[in-house]
Amino acid sequence: MDPLFALRDITKSYDDSTVLDIPHLIIQQGGIYGIMGPNGAGKSTLLSILAFLLPPTSGTIYWEGVDVDTRDKHQLRKKVTLIIQNPYLFHTTVEKNVVYGLKVRGITKAKRAAKAQACLTMVGLSGFEKRMAYELSGGETQRVAIARALALDPQVLLLDEPTANVDRHGVEQLEGILRKLNEELQITVIVATHDINQAYRLTNEVIYLFDGKIARSPMENLFKGHIVKKDKDLFLFDTGRIQIALIPERDHVSHIAIPPQDIIVSIEPIATSARNSFVGKISQVTDEGEAVSLLVDIGERLKVRITKRSLQEMRLTLGSPVYVTFKSSSVEAF
Amino acid sequence: MKFKMNGRVLLIGLAFILFLTPALSAGERLKLSTTTSTENSGLLYELLPPFEKQFNVKVDVISVGTGKALELGKNGDADVVLVHARDLEDQFVADGYGVNRRDVMHNDFVIIGPGADPAGINKAKTAAEALKSIAKKKASFVSRGDKSGTHNKELSIWQEAKVKPSGSWYIESGRGMGEVLIMAHEKGAYTLTDRGTYLAFQKEGKIDLPILFEGDPTLFNPYGIIAVNPDRHPSVNYIMAMALIGWVTSPEGQRIIAVYGKGKYGDPLFYPDAIKSPK
Amino acid sequence: MEYLWGGIREAVILIISLDAEVFRTVLLSLRISLIATLFASIVGIPLGFLISTHAFPLKRSVITFFNTLLSLPTVVVGLFLYSLLSKKGPFGPLGLLFTPTAMVIGQFILATPIIVALTISAIQAMDPRAKMTAMTLGAGAVRTALTVLSEARFALTAAVIAGFGRVIAEVGTAMMVGGNIKGYTRIMTTAIALETAKGEFAFALSLGFILLAVAFAINILFHYFQAKRG
Numbered sequence: 001m002d003p004l005f006a007l008r009d010i011t012k013s014y015d016d017s018t019v020l021d022i023p024h025l026i027i028q029q030g031g032i033y034g035i036m037g038p039n040g041a042g043k044s045t046l047l048s049i050l051a052f053l054l055p056p057t058s059g060t061i062y063w064e065g066v067d068v069d070t071r072d073k074h075q076l077r078k079k080v081t082l083i084i085q086n087p088y089l090f091h092t093t094v095e096k097n098v099v100y101g102l103k104v105r106g107i108t109k110a111k112r113a114a115k116a117q118a119c120l121t122m123v124g125l126s127g128f129e130k131r132m133a134y135e136l137s138g139g140e141t142q143r144v145a146i147a148r149a150l151a152l153d154p155q156v157l158l159l160d161e162p163t164a165n166v167d168r169h170g171v172e173q174l175e176g177i178l179r180k181l182n183e184e185l186q187i188t189v190i191v192a193t194h195d196i197n198q199a200y201r202l203t204n205e206v207i208y209l210f211d212g213k214i215a216r217s218p219m220e221n222l223f224k225g226h227i228v229k230k231d232k233d234l235f236l237f238d239t240g241r242i243q244i245a246l247i248p249e250r251d252h253v254s255h256i257a258i259p260p261q262d263i264i265v266s267i268e269p270i271a272t273s274a275r276n277s278f279v280g281k282i283s284q285v286t287d288e289g290e291a292v293s294l295l296v297d298i299g300e301r302l303k304v305r306i307t308k309r310s311l312q313e314m315r316l317t318l319g320s321p322v323y324v325t326f327k328s329s330s331v332e333a334f
Numbered sequence: 335m336k337f338k339m340n341g342r343v344l345l346i347g348l349a350f351i352l353f354l355t356p357a358l359s360a361g362e363r364l365k366l367s368t369t370t371s372t373e374n375s376g377l378l379y380e381l382l383p384p385f386e387k388q389f390n391v392k393v394d395v396i397s398v399g400t401g402k403a404l405e406l407g408k409n410g411d412a413d414v415v416l417v418h419a420r421d422l423e424d425q426f427v428a429d430g431y432g433v434n435r436r437d438v439m440h441n442d443f444v445i446i447g448p449g450a451d452p453a454g455i456n457k458a459k460t461a462a463e464a465l466k467s468i469a470k471k472k473a474s475f476v477s478r479g480d481k482s483g484t485h486n487k488e489l490s491i492w493q494e495a496k497v498k499p500s501g502s503w504y505i506e507s508g509r510g511m512g513e514v515l516i517m518a519h520e521k522g523a524y525t526l527t528d529r530g531t532y533l534a535f536q537k538e539g540k541i542d543l544p545i546l547f548e549g550d551p552t553l554f555n556p557y558g559i560i561a562v563n564p565d566r567h568p569s570v571n572y573i574m575a576m577a578l579i580g581w582v583t584s585p586e587g588q589r590i591i592a593v594y595g596k597g598k599y600g601d602p603l604f605y606p607d608a609i610k611s612p613k
Numbered sequence: 614m615e616y617l618w619g620g621i622r623e624a625v626i627l628i629i630s631l632d633a634e635v636f637r638t639v640l641l642s643l644r645i646s647l648i649a650t651l652f653a654s655i656v657g658i659p660l661g662f663l664i665s666t667h668a669f670p671l672k673r674s675v676i677t678f679f680n681t682l683l684s685l686p687t688v689v690v691g692l693f694l695y696s697l698l699s700k701k702g703p704f705g706p707l708g709l710l711f712t713p714t715a716m717v718i719g720q721f722i723l724a725t726p727i728i729v730a731l732t733i734s735a736i737q738a739m740d741p742r743a744k745m746t747a748m749t750l751g752a753g754a755v756r757t758a759l760t761v762l763s764e765a766r767f768a769l770t771a772a773v774i775a776g777f778g779r780v781i782a783e784v785g786t787a788m789m790v791g792g793n794i795k796g797y798t799r800i801m802t803t804a805i806a807l808e809t810a811k812g813e814f815a816f817a818l819s820l821g822f823i824l825l826a827v828a829f830a831i832n833i834l835f836h837y838f839q840a841k842r843g
């Protein structure tokens, strides 16, 4: 099946500066994607291009396999809705905001009312119909904006920093709604965020943007799983294959990452206070210039880095058994 | 929400005002330019309604100074002119701006002033003498100063007295008769005024100045009505203008003029000239 | 002081007794000014909208031009219009001089620049996201324009009220092109001028009170709507 979006050699420039340079990007139907990067990385620009609101300076976008230049952008825009960071709600009731797009399309009043009710319920705001939009909190405003977009039955929902102005409780609520939209309505959701934790919590694939270009994942040794055992000061994270001790700061952990630089490689077990110690076999050796990265299979594949010298001294090759050790405090959890 | 409520109430109120007041334009109209003193006397509001009813026309009374009233006639902005400045009227007709001038009525001018009469004008034999005394004494005198009939009369008397009035005592106001009367009252000054406006103001208590000089024939103030020449301005309502002239010089019209003011002030304000003793 | 108090007392009596002459004058004033303001809004709001949302050469000068017209002396407008409408003038044949229509035209000339200038500032002060949001939700050019105008409705209402306020209280134009004809073109302001000249102090005062009340009401309404724009 053709991917929903396929971007080839997309660039976007203003005067002399190039803000986006993406040779290749695929978005599949039905996924939840995160576009992650620091401010100014080009996330908003990319979203605008995906929403067909901004034309790229060069390159081709394929929608469901077809070059969009051959298609009517106006029609495409109807399938893809972008919700900006500070959504603007019209100076009227919540219901009138939600049905605005429907009114533009000439939908009857009765149908509009029904749709509004359904969409508001979907975002957890049922009963809010007659409230005035300007009375709402940041989180409520975001949800109304989402409901307003939902009313138009979009195929894709793009959100730019949706939880930037929302309090903690609201963040959880919004993320839950996005997940629900994706799972129950099969809407492809693409969220731009600078919050790495959010990216991992919410999405099933993260696109890293740095300086307009797609970057390598800064997160290495990233594993999905859940907490299985809770002691007073130590938690065990189960990836399905191995269990890792960590000191988490939050109750709900869905991902962990272990920085390679915190992992000690040895050919003998070390006596150490570190809680995580595993044995495994080297499954891959990669020359990275100054250092060498190894993939060690301990049930999961762990990436470690050692100097070329250490590699030689320890006489490590493909298949060599090694011990990997790291502290529970090194484990990053989200 | 609140806006909606208030908005609706407001709109209904506005619609009310817009539609319930009488139509802005109705039927035929005749534009009569006249002087402020004529309008102030209130005569026209007795004289015109029967005419309007009989001929199904609305007379628009535009009251300005004599000069302006005649100019409106010259430009064709008025259909008929009623003023009291014989020389200017004759010139108006001679120049071809007006036709069919008729004498309508006359009133007279009087000189009023402060009760103490510092210039002693009540001893004067003629109007010219009276004004001469005022100038000599440098007593305050308020002049119309606006090319009106009253003003012209005043100037002609100064000329007769061979005096050129100037100085801080001589106040050229450039205002209408009523305003000048009030000014004279406020300042305790002399002024020349038509009897009609004077009586009206005096009786209504707006001013309190005695008549100090009257009766000199040079102070008589005849009114003429003139139709604007349709040859000059084909668009003027000539026929209706002639009808109005007919009306004011008819026995009925002249009778209305003869009795006007009697009830209110004891004396009539005007004396009919077209028909001296109308029945 | 007795003169003043006497006048005030009589004026109040005239108002309370719904004196026919007083109220006829008031209604005529309202009628003429409302109609003039209505036309000024129909022309001024779209014009202001178009000017503020389009780029064109000399845009700055045009905006400055309208701002200057805000302080047009009313007698100048009156004089200008008089010369156009007089039988001597180019529009003489229309016979509009000394009619309420002429007054409506004059007040239209006075009110329109206010409404245009305030509409321009209202639209410029508008949140730029409004237009964008309407467009992302599928609104076409006309629908977007209407939405933006609707979003600016409080500021626009204030603009209309300001226009009305200017014309209900002016006397220069009304006097010159209206002629202050009793029962026909005599409105509150010209009547006050005339009646005071005639020494009819009470009548003038009664009109003056009503005019003041109208001015207050206008001011309050204007500020109410200006405040709500936020």
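Residue numbers (the numbering used here), protein chains in the order written: chain X, 1 to 334; chain A, 335 to 613; chain Y, 614 to 843. Glycine residues also receive a C-beta, built at the ideal position from the N, C-alpha and C atoms.
Y:Val-729 and Y:Leu-660 - do their beta-carbons sit closer together than 8 Å? Position 47 of the third sequence holds residue 660 of chain Y. Position 116 of the third sequence holds residue 729 of chain Y. Yes; because the gap between Cβ atoms is below 8 Å, this pair is in contact.
Round the Cβ separation of X:Thr-93 and X:Glu-129 to the nearest angstrom and send it over; I've been treating them as touching at under 8 Å. In the first sequence, counting from the first residue as 1, residue 93 of chain X sits at position 93. In the first sequence, counting from the first residue as 1, residue 129 of chain X sits at position 129. Contact holds; Cβ gap of about 7 Å.
Considering Cα atoms alone, identify which of Y:Leu-692, Y:Val-625, Y:Phe-777, Y:Ala-743 is closest to Y:Thr-666. One-based indexing of the third sequence puts residue 666 of chain Y at position 53. Nearest option by C-alpha distance: Y:Ala-743.
Secondary structure of X:Met-36, DSSP reduced to three states: Within the first sequence, residue 36 of chain X is the residue found at index 36, counting from 1. X:Met-36: strand per DSSP, three-state reduction.
Give the straight-line distance between the Cα atoms of Y:Ile-794 and Y:Phe-711, rounded to the nearest whole angstrom. To locate residue 794 of chain Y, count along the third sequence from 1; it is residue 181. To locate residue 711 of chain Y, count along the third sequence from 1; it is residue 98. Looking at the two C-alpha atoms, the distance is approximately 8 Å.
In this structure, how does DSSP classify Y:Thr-746 when only helix, strand and coil are distinguished? Numbered from its first residue, the third sequence carries residue 746 of chain Y at position 133. Residue state, collapsed to three classes: helix.
Quick one: which chain Y residues come within Cβ less than 9 Å of A:His-485? Start at 1 with the first residue of the second sequence, and residue 485 of chain A comes out as number 151. Going along chain Y, no residue has its Cβ under 9 Å from A:His-485, so there is no contact; the nearest lies around 16 Å.
In whole angstroms, what separates the C-alpha of X:Ile-256 from that of X:Thr-108? If you number the first sequence from 1, residue 256 of chain X lands on position 256. If you number the first sequence from 1, residue 108 of chain X lands on position 108. Cα to Cα, X:Ile-256 sits roughly 50 Å from X:Thr-108.
May I have the straight-line CA-CA distance separating X:Trp-63 from X:Ile-298, to the nearest angstrom? The residue you call residue 63 of chain X lines up with position 63 of the first sequence. The residue you call residue 298 of chain X lines up with position 298 of the first sequence. Straight-line Cα distance between these residues: approximately 41 Å.
Local conformation of Y:Ile-733 per DSSP, three classes: Locating residue 733 of chain Y in the third sequence gives position 120, counting from the first residue. The answer is helix: DSSP assigns Y:Ile-733 an H, G or I state.
Indicate whether X:Thr-188 and X:Gly-31 have their beta-carbon atoms separated by less than 8 Å. By 1-based counting over the first sequence, the position of residue 188 of chain X is 188. By 1-based counting over the first sequence, the position of residue 31 of chain X is 31. For X:Thr-188 and X:Gly-31, yes; Cβs fall inside 8 Å.
Reduced DSSP category for A:Pro-606 - H, G, I as helix; E, B as strand; rest coil: Here residue 606 of chain A refers to the residue found at position 272 of the second sequence. A:Pro-606 sits in a strand when the DSSP states are folded into three classes.
Kindly say whether Y:Thr-802, judged by its beta-carbon, lies nearer than 8 Å to any beta-carbon of chain X. Here the question's residue 802 of chain Y lines up with position 189 in the third sequence. Not one chain X Cβ lies under 8 Å of Y:Thr-802.
Between X:Ile-107 and chain Y, is any beta-carbon pair separated by less than 8 Å? Position 107 of the first sequence, counted from the start, is the residue given in the question as residue 107 of chain X. It does not: the Cβ of X:Ile-107 has no partner Cβ on chain Y nearer than 8 Å.
Candidates Y:Gly-708, Y:Ser-642, Y:Ala-715, Y:Gly-751: which alpha carbon is nearest X:Gln-75's? Here residue 75 of chain X refers to the residue found at position 75 when the first sequence is read from its first residue. Out of Y:Gly-708, Y:Ser-642, Y:Ala-715, Y:Gly-751, Y:Gly-751 has the C-alpha closest to the C-alpha of X:Gln-75.
Is the beta carbon of A:Met-574 less than 8 Å from the beta carbon of A:Val-427? Your numbering for residue 574 of chain A matches position 240 in the second sequence. Your numbering for residue 427 of chain A matches position 93 in the second sequence. In this structure, A:Val-427 does not lie closer than 8 Å to A:Met-574 by Cβ.
Closer than 8 Å is the cut-off here; do at least three beta carbon pairs connect the stretch 516-531 of chain A with the stretch 445-458 of chain A? Counting C-beta pairs with one atom in each stretch, the stretch 516-531 of chain A and the stretch 445-458 of chain A have three or more that are closer than 8 Å, which means they touch.
Quick one: measure Cβ to Cβ for Y:Met-789 and Y:Ser-642, integer angstroms, because I've assumed they're closer than 8 Å. Along the third sequence, read from residue 1 onward, the residue named residue 789 of chain Y stands at position 176. Along the third sequence, read from residue 1 onward, the residue named residue 642 of chain Y stands at position 29. Not really, about 16 Å apart at Cβ, beyond 8 Å.
I want to see whether chain Y comes within less than 8 Å of X:His-252, judged by CB atoms only; does it? For this step, residue 252 of chain X is matched to residue 252 along the first sequence. For X:His-252, the answer is no, since every Cβ of chain Y falls outside 8 Å of its Cβ.
Just to confirm my understanding: we take X:Phe-5, look at its own chain, exclude 5 residues before and 5 after, and list those with CB closer than 6 Å. What are they? Here residue 5 of chain X refers to the residue found at position 5 when the first sequence is read from its first residue. Within the same chain, X:Phe-5 has close Cβ partners Ile-27.
Closest by CA to Y:Leu-834, which one among Y:Ala-772, Y:Glu-764, Y:Gly-821, Y:Glu-808? By one-based count along the third sequence, residue 834 of chain Y stands at place 221. Residue Y:Ala-772 is the option with its Cα nearest to Y:Leu-834.
Using a Cβ-Cβ cut-off of 8 Å, state whether A:Leu-358 counts as contacting chain Y. As a position in the second sequence, residue 358 of chain A is number 24, starting the count at 1. For A:Leu-358, the pLDDT reaches just 48, beneath the cut-off of 50, and the residue's location in the model is therefore unreliable, leaving the point undetermined.
Please state whether the Cβ-Cβ distance between A:Ile-609 and A:Gln-588 is less than 8 Å. For this step, residue 609 of chain A is matched to residue 275 along the second sequence. For this step, residue 588 of chain A is matched to residue 254 along the second sequence. At the C-beta level, A:Ile-609 and A:Gln-588 come within 8 Å of one another.
Can you round the beta-carbon distance between X:Leu-50 and X:Leu-158 to whole angstroms, since I take them to be within the 8 Å contact cut? Locating residue 50 of chain X in the first sequence gives position 50, where the first residue counts as 1. Locating residue 158 of chain X in the first sequence gives position 158, where the first residue counts as 1. Between X:Leu-158 and X:Leu-50 the Cβ distance is about 6 Å, and since that is below 8 Å, they are a contact.
Going by C-alpha to C-alpha distance, which of X:Leu-185, X:Thr-45, X:Ile-227 sits closest to X:Phe-210? Reading the first sequence from its first residue, position 210 is the one you call residue 210 of chain X. Selected option, being the one with the closest Cα: X:Thr-45.
Whose CA, out of A:Met-576, A:Ser-397, A:His-440, lies closest to the CA of A:Gly-530? Translated into positions along the second sequence, residue 530 of chain A becomes position 196. Closest by alpha carbon: A:His-440.
For Y:Thr-714, which option in Y:Thr-677, Y:Arg-779, Y:Lys-701, Y:Arg-799 has the closest C-alpha, if you only look at C-alpha atoms? Along the third sequence, one-based indexing puts residue 714 of chain Y at 101. Ranked by Cα distance from Y:Thr-714, the first of Y:Thr-677, Y:Arg-779, Y:Lys-701, Y:Arg-799 is Y:Arg-799.
Short-range partners of chain Y found in the stretch 127-138 of chain X, where Cβ spacing is below 7 Å: none
Neighbour flag for Y:Arg-742 against chain X, beta carbons, 8 Å: Within the third sequence, numbered from 1, the residue matching residue 742 of chain Y stands at position 129. Yes - at least one Cβ of chain X is within 8 Å of the one on Y:Arg-742.
CA-CA distance, A:Phe-337 and A:Gly-347? Numbered from 1 along the second sequence, position 3 holds the residue referred to as residue 337 of chain A. Numbered from 1 along the second sequence, position 13 holds the residue referred to as residue 347 of chain A. With a pLDDT of 48 at A:Phe-337, under the threshold of 50, the modelled position of this residue cannot be trusted; read the value that follows with caution. C-alpha separation (whole angstroms): 15 Å.
What's the gap between the Cα of A:Ser-371 and the Cα of A:Met-511? Position 37 of the second sequence, counted from the first residue, corresponds to residue 371 of chain A. Position 177 of the second sequence, counted from the first residue, corresponds to residue 511 of chain A. Those two C-alpha atoms are separated by around 6 Å.
Simplified DSSP state of X:Glu-300, which is helix, strand or coil: Taking the first residue of the first sequence as position 1, residue 300 of chain X is located at position 300. In this structure, X:Glu-300 counts as coil in the three-state DSSP scheme.
Applying the 10 Å Cβ sphere with the 16-neighbour rule, what's the burial state of X:Arg-315? Working through the first sequence from its first residue, we reach residue 315 of chain X at position 315. Exposed, by the Cβ-count rule.
Have a look at A:Arg-363, A:Ile-351, A:Thr-369, A:Leu-345 and flag the residue whose alpha-carbon is nearest the alpha-carbon of A:Arg-478. Counting from 1 along the second sequence, the entry for residue 478 of chain A is found at position 144. The shortest C-alpha separation from A:Arg-478 is found at A:Thr-369.
List, in order along the chain, the chain Y residues whose C-beta lies closer than 9 Å to that of A:Ser-569? Taking the second sequence and counting its residues from 1, one reaches residue 569 of chain A at position 235. Simply Lys-700, Gly-705, Pro-706, Gly-708.
Are the beta-carbon atoms belonging to Y:Thr-638 and Y:Leu-820 less than 8 Å from one another? Taking the third sequence and counting its residues from 1, one reaches residue 638 of chain Y at position 25. Taking the third sequence and counting its residues from 1, one reaches residue 820 of chain Y at position 207. The answer is yes: Cβ separation under 8 Å.
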